[in-house]
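Student:
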Amino acid sequence: MVKIKFYGAARQVTGSMHLIEKNDFKLLLDCGMQQGKRKESFERNRNFPFSPSEVNSIILSHAHIDHSGNIPTIIAKGYKGPVFCTHATKDLCDLMLPDSAYVQMKDLEYVNKKRAKQGKNLFEPLYTIEQAQESLKKFESKNIGEYFNINKEEILAYFLNAGHILGSAMVILKIIDNGREIKIGFTGDLGRKQLPIIIDPDNMYNIDYLICESTYGGRDHKPIETALDKISFIINDTYSKGGKIIIPVFTVERAQEILYILNKLFINRKIPAMLVFVDSPLAKSITEVFMKHSECFDPEMLELMANNKNPFYLELLKFTESVQESKAINDYDKPCVILSATGMCEAGRILHHLKNNIEDSRNTILIVGYQAKETLGRRLVDGEKEVKIFGELYKVNASVFVINEFSGHAGSKDLVAFIKKAKKDGRLKKIFLVHGEPEQQQILIERLNKENINNVIAPETGYEEEL
Ligand SMILES: [Zn+2]
Ligand SMILES: [Zn+2]
8 MVKIKFYGAA RQVTGSMHLI EKNDFKLLLD CGMQQGKRKE SFERNRNFPF
58 SPSEVNSIIL SHAHIDHSGN IPTIIAKGYK GPVFCTHATK DLCDLMLPDS
108 AYVQMKDLEY VNKKRAKQGK NLFEPLYTIE QAQESLKKFE SKNIGEYFNI
158 NKEEILAYFL NAGHILGSAM VILKIIDNGR EIKIGFTGDL GRKQLPIIID
208 PDNMYNIDYL ICESTYGGRD HKPIETALDK ISFIINDTYS KGGKIIIPVF
258 TVERAQEILY ILNKLFINRK IPAMLVFVDS PLAKSITEVF MKHSECFDPE
308 MLELMANNKN PFYLELLKFT ESVQESKAIN DYDKPCVILS ATGMCEAGRI
358 LHHLKNNIED SRNTILIVGY QAKETLGRRL VDGEKEVKIF GELYKVNASV
408 FVINEFSGHA GSKDLVAFIK KAKKDGRLKK IFLVHGEPEQ QQILIERLNK
458 ENINNVIAPE TGYEEEL
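With our numbering as the guide, the letters of the sequence shown map in order to residues 8 to 474.
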């Protein structure tokens with residue numbers, strides 16, 4: 008008997024976690040951290056809806072924390088099996104899981120200080136840096152497109168390219184149950200064609216069931232090309248005023264994409280020669296991981312590399328590591344570009360750069376990623392005229408520009424096209440939508456229905472079905 012159970016990213020976008028059972032064998036697809044409201048997420052991430060020691064195997068789609076971030080927790084709670092993923096995902100997790108532990112520690116330092124004053128009990132992180140490092144020993148990396156055995160040659164799996172971030176994969180599961188073959192496809196996070204650097208997403212064929220993400224089920228993105236024109240305009244304009252361009256970035260993918268695009272604009276003489284600082288030690292290490300994984304690159308990136316035009320190691324590019332180097336950027340008085348983390352301006356070195364530059368009207372703050380509510384990044388996007396940084400008020404005299412073209416997720420049209428292709432051979436029986444807000448999922452269901460694709464549901468947490 009084969010069953011599927013939905014435990015995370017059900018009618019929401021974080022905490023990806025789905026369980027496949029064949030008789031007593033339990034296989035987890037992703038073990039992501041739920042993010043969002045602190046208290047609710049705390050409960051969820053700590054308390055698994057099954058016994059961690061009873062799970063036999065985990066397959067991880069990609070390194071983002073909402074898919075990988077609870078792996079150290081499940082291991083600390085007794086999970087003993089392997090974690091299968093692609094080679095690049097393993098190398099990214101080597102950096103990102105310990106970083107996740109560090110971020111939790113820092114976050115709790117602040118929260119616990121407040122709680123201690125109020126006489127409340129103190130929170131503990133989900134796991135320590137040591138536990139995160141320990142969990143990495145369970146990772147077993149596999150090639151894209153090659154079947155590997157999960158259990159007794161009755162459960163097998165292989166990865167396909169998801170085109171979402173470096174190393175991101177979709178999963179095909181083949182289960183033999185009493186002589187019957189069941190094939191399940193899982194998209195993880197489905198990317199888009201023409202994202203810089205990484206290879207485009209593959210298609211899926213010959214599957215019985217599809218677990219499909221639906222983040223942008225009801226919305227579409229503008230093509231990346233339009234972003235190039237906007238960025239070159241913004242940079243030229245700021246340069247002519249003698250200002251600096253500050254770009255808050257996520258350290259995985261977005262930072263490298265921006266470097267790639269700046270490089271392209273330099274090469275094509277669309278922007279003047281100026282220094283580009285990448286002021287984030289994590290972004291530097293992650294960029295090094297990128298360089299190790301040319302198997303994930305698209306043809307354009309491979310061609311650049313073949314011609315010795317590596318976009319990550321230009322003369323005009325400076326990675327800064329020490330705090331002194333970071334501070335020295337402030338003394339640099341010519342126009343320049345500064346990339347720094349975190350991407351939503353909640354913490355990290357970006358705060359120092361904003362503090363030092365936000366009141367100068369020659370400067371530009373360029374927002375290139377999603378900004379959640381209640382973050383400093385969101386306040387800037389919302390056009391607030393004064394913002395608090397390190398507890399002090401600063402006037403927003405710098406220009407703020409927002410570029411939304413870079414989403415790493417398939418848009419609504421891409422999802423419909425992907426599902427239509429998967430359906431073409433007539434085998435696909437049912438589609439489970441996950442990793443999306445209910446409104447987005449509803450629009451996608453209606454759009455699929457119009458295409459005569461009817462057996463689509465958006466399961467709630469705890470929903471289970473026999474396949
Ligand atoms: Zn993702
Ligand atoms: Zn995700």
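In this text, a Cβ means the ideal position worked out from N, Cα and C, and glycines have one as well. Since this is a predicted model, take the numbers as computed values, not measurements.
1. Kindly examine ligand 1 and report whether one of its heavy atoms sits closer than 7 Å to the Cβ of aspartate 196.
2. Just the Cα atoms here: how many angstroms apart are proline 230 and lysine 420?
3. Check this for me: beta carbons of isoleucine 11 and leucine 474, under 8 Å apart or not?
4. Quick one: Cα of alanine 176 to Cα of isoleucine 218, how far?
5. Does the segment 33 to 47 touch the segment 460 to 473, meaning 3 or more C-beta pairs lie closer than 8 Å?
6. Using 8 Å for Cβ pairs, my map puts isoleucine 191 next to isoleucine 27. What's the rounded Cβ distance?
7. What does the alpha-carbon distance come out to for the pair lysine 428 and alanine 169?
8. Please tell me whether, using a cut-off of 7 Å, the distance from the CB of serine 23 to the nearest non-hydrogen atom of ligand 2 is below it.
9. Taking proline 288 as the reference, which of Ala348, Asp215, Met281, Ala335 has the closest Cα?
10. For the segment 43 to 62 against the segment 14 to 33, are there 3 or more C-beta pairs whose distance is under 8 Å?
11. Considering lysine 12, what are the terminal residues of the beta strand (DSSP E) in which it resides?
12. Does the contact criterion of 3 or more C-beta pairs under 8 Å hold for the segment 102 to 114 versus the segment 289 to 309?
13. Check this for me: beta carbons of valine 388 and phenylalanine 413, under 8 Å apart or not?
14. Pair every Cβ in the segment 132 to 152 with every Cβ in the segment 67 to 82, then say whether three or more of these pairs are closer than 8 Å.
15. For tyrosine 401, which beta-bridge partners are listed by DSSP?
16. For aspartate 209, which residues in the same chain have their Cβ closer than 6 Å to its Cβ, ignoring the five residues on either side in sequence?
17. Do aspartate 305 and isoleucine 206 have their CB atoms nearer than 8 Å?
18. Is the distance from the Cβ of histidine 171 to the Cβ of histidine 94 below 8 Å?
19. Just reading off the alpha helix (DSSP H) that leucine 451 is part of, what are its end residues?
20. Pull up the DSSP beta-bridge partners for methionine 24, would you.
Tutor: So, from the data block:
1. Against the sequence shown, residue 196 aligns to sequence position 189. Yes, the beta carbon of aspartate 196 sits closer than 7 Å to at least one heavy atom of ligand 1.
2. Along the sequence shown, read from residue 1 onward, the residue named residue 230 stands at position 223. Along the sequence shown, read from residue 1 onward, the residue named residue 420 stands at position 413. Put simply, the backbone Cα of proline 230 is about 13 Å away from that of lysine 420.
3. On the sequence shown, position 4 is the one that residue 11 refers to. On the sequence shown, position 467 is the one that residue 474 refers to. Yes, Cβ-Cβ distance for isoleucine 11 and leucine 474 is below 8 Å.
4. Position 169 of the sequence shown, counting from 1, holds the residue named residue 176. Position 211 of the sequence shown, counting from 1, holds the residue named residue 218. Straight-line spacing of the CA atoms in alanine 176 and isoleucine 218 works out to 13 Å.
5. With a cut-off of 8 Å on Cβ pairs, the segment 460 to 473 is not in contact with the segment 33 to 47, counting fewer than three such pairs.
6. Mapped onto the sequence shown, residue 191 falls at position 184. Mapped onto the sequence shown, residue 27 falls at position 20. Contact between isoleucine 191 and isoleucine 27 is confirmed by a C-beta separation of about 7 Å, below the 8 Å threshold.
7. Position 421 of the sequence shown, counted from the start, is the residue given in the question as residue 428. Position 162 of the sequence shown, counted from the start, is the residue given in the question as residue 169. Taking the straight line from one Cα to the other gives about 15 Å.
8. Here residue 23 refers to the residue found at position 16 when the sequence shown is read from its first residue. Flag set: Cβ of serine 23 near ligand 2.
9. In the sequence shown, the residue the question calls residue 288 occupies position 281. When each option's Cα is compared against that of proline 288, the closest is Ala348.
10. With the cut-off at 8 Å, the segment 43 to 62 and the segment 14 to 33 touch.
11. As a working note, residue 12 is residue 5 in the sequence shown. Counting along the chain, the unbroken beta strand (DSSP E) around lysine 12 starts and ends at 9 to 15.
12. Yes, they touch.
13. By one-based count along the sequence shown, residue 388 stands at place 381. By one-based count along the sequence shown, residue 413 stands at place 406. Going by C-beta atoms, valine 388 is not nearer than 8 Å to phenylalanine 413.
14. Taking a cut-off of 8 Å for Cβ pairs, the segment 132 to 152 and the segment 67 to 82 touch, as three or more such pairs fall below it.
15. Within the sequence shown, numbered from 1, the residue matching residue 401 stands at position 394. Assignment of beta-bridge partners to tyrosine 401 by DSSP yields Val394.
16. On the sequence shown, residue 209 is found 202 positions in, with the first residue counted as 1. Answer for aspartate 209: Leu167, Asn168, listed in chain order.
17. As a first step, residue 305 is located in the sequence shown; it is residue number 298 there, counting from the start. As a first step, residue 206 is located in the sequence shown; it is residue number 199 there, counting from the start. In this structure, isoleucine 206 lies closer than 8 Å to aspartate 305 by Cβ.
18. Residue 171 sits at position 164 when you count from the first residue of the sequence shown. Residue 94 sits at position 87 when you count from the first residue of the sequence shown. Their beta carbons are not under 8 Å apart, which means histidine 171 does not touch histidine 94 by this criterion.
19. Your numbering for residue 451 matches position 444 in the sequence shown. According to the DSSP assignment, leucine 451 belongs to the alpha helix (DSSP H) that extends over 445 to 457.
20. Indexing the sequence shown from 1 puts residue 24 at position 17. In the DSSP output, where bridge partners are listed per residue, methionine 24 has Gly15.
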